[in-house]
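In terms of numbering that gives the first Met the number 0, the sequence shown opens at residue 0 and continues consecutively. Glycine included, each C-beta is placed from N, C-alpha and C at the ideal position. Please read all numbers here as calculations on a predicted model, not as lab measurements. Only one structure is covered here, and it is reproduced in the block below.
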Amino acid sequence: MKIQIFVTLKNGVLDPQGKAIHHALESLDFSGVNDVRAGKLIELEVDEGTSDETLEKMCEKLLANTVIENYEIRKLPETVA
0 MKIQIFVTLK
10 NGVLDPQGKA
20 IHHALESLDF
30 SGVNDVRAGK
40 LIELEVDEGT
50 SDETLEKMCE
60 KLLANTVIEN
70 YEIRKLPETV
80 A
């Protein structure tokens with residue numbers, strides 16, 4: 000089973016990477032971008048029987064710093080090759 004975990008900074012936490020991206024977009028003459036927040040995507044392939052609780056524990060213990068970050072777990076639909 001394929002899992003995507005999106006980790007983003009909580010609102011109110013400074014995001015220097017997002018600010019740098021925003022500045023770069025402006026310097027490249029891209030207008031209309033009001034704010035940028037950067038995050039990370041972690042992709043896992045896990046056994047079919049892996050529980051939601053186990054995935055939550057992975058995020059809480061290692062994949063996200065829950066003091067300053069939020070996370071969202073998405074299970075991807077299986078594709079037939």
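- Closer than 8 angstroms by C-beta to Asp14: which residues in its own chain qualify, once you throw out the five before and the five after it? Chain order, please. One-based indexing of the sequence shown puts residue 14 at position 15. Here the set comprises Leu8, Val35, Arg36, Ala37.
- Message: Quick check on this structure: which residue in Arg73, Glu77, Glu68 has the alpha carbon closest to the alpha carbon of Asn10?
- Response: For the purposes of this step, residue 10 is identified with residue 11 of the sequence shown, where counting begins at 1. Of the listed residues, the one whose Cα sits closest to Asn10 is Glu68.
- Evaluate Leu54 with the Cβ neighbour count: other Cβ atoms within 10 Å of its Cβ, from every protein chain shown; 16 or more gives buried, anything less gives exposed. As a position in the sequence shown, residue 54 is number 55, starting the count at 1. Leu54 is buried by the Cβ-count criterion.
- Cutoff 7 angstroms; reference Gly17; Cβ partners in own chain excluding five residues on either side: Here residue 17 refers to the residue found at position 18 of the sequence shown. For Gly17, where only same-chain residues beyond five positions count, the Cβ hits under 7 angstroms are Val35, Arg36, Ala37.
- Buried versus exposed, by CB contacts within 10 Å (16 or more), Ala63: Within the sequence shown, residue 63 is the residue found at index 64, counting from 1. Buried is the call here.
- State yes or no: is the C-beta of Lys96 within less than 8 angstroms of the C-beta of Ile2? Residue 96 is absent from the model: the chain starts at 0 and stops at 80.
- Message: Between Tyr70 and Val6, how many whole angstroms is the CB-CB distance? I'm expecting something under 8 angstroms.
- Response: By one-based count along the sequence shown, residue 70 stands at place 71. By one-based count along the sequence shown, residue 6 stands at place 7. Sure, about 5 angstroms apart at Cβ, within 8 angstroms.
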